[in-house]
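A.B. asks: Below you'll find the structure I mean.
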Amino acid sequence: MPERKASRGPHKVLMEDAAGRRAWGFEVEKVPGIEIGGKMRLGAKVILRSVPIARGLLLLQPSNTTVLGGKVEAWDNAWAQKRKESLKAAVERAKSE
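By the count of my numbering, the sequence shown reaches residue 97 at its end, each step adding exactly one.
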């Protein structure tokens with residue numbers, strides 16, 4: 001797969017722990033490894049330390065957030081397949097117009 005250009009952010013990311021608890025995180029400063037369209041994949045592992053919370057958002061900064069990387073293969077494959085199908089459908093709709 002060709003390498004895509006990563007977006008610059010700031011990013012709002014949905015995070016989930018091993019128990020299934022979910023929280024939204026927001027980059028208040030650029031955190032190395034948090035990117036869309038780059039190497040960050042679904043299920044990437046992230047370490048959070050003493051993260052401040054404001055209005056229900058985890059405020060992510062390089063001092064409290066470390067991205068370890070990785071992915072959950074099943075989630076990544078399912079997302080890629082769904083994306084491929086939606087793009088094919090869009091192309092078919094454009095052809096029929």
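Beta carbons: idealized from backbone N, C-alpha and C, even for Gly.
From which residue to which residue does the beta strand (DSSP E) around Lys-45 run?
C.D. replies: Sequence index remark: in the sequence shown, residue 45 carries index 45 (1-based). First-last of the beta strand (DSSP E) with Lys-45: 45-48.
A.B. asks: Would you identify the three-state DSSP class for Arg-22, choosing helix, strand or coil?
C.D. replies: Here residue 22 corresponds to residue number 22 of the sequence shown, with the count starting at 1. Arg-22: strand per DSSP, three-state reduction.
A.B. asks: Is it true that the segment 30-46 meets the segment 56-75, where meeting means three or more beta-carbon pairs spaced less than 8 angstroms apart?
C.D. replies: Yes, since at least three Cβ pairs between the segment 30-46 and the segment 56-75 fall closer than 8 angstroms, the two stretches touch.
A.B. asks: Nearest-angstrom Cα distance between Glu-35 and Val-91?
C.D. replies: Position 35 of the sequence shown holds residue 35. Position 91 of the sequence shown holds residue 91. When rounded, the distance between both Cα atoms is 27 angstroms.
A.B. asks: Tell me, which residues are paired with Gly-69 by DSSP?
C.D. replies: Position 69 of the sequence shown, counting from 1, holds the residue named residue 69. Answer is Lys-45, bridged to Gly-69.
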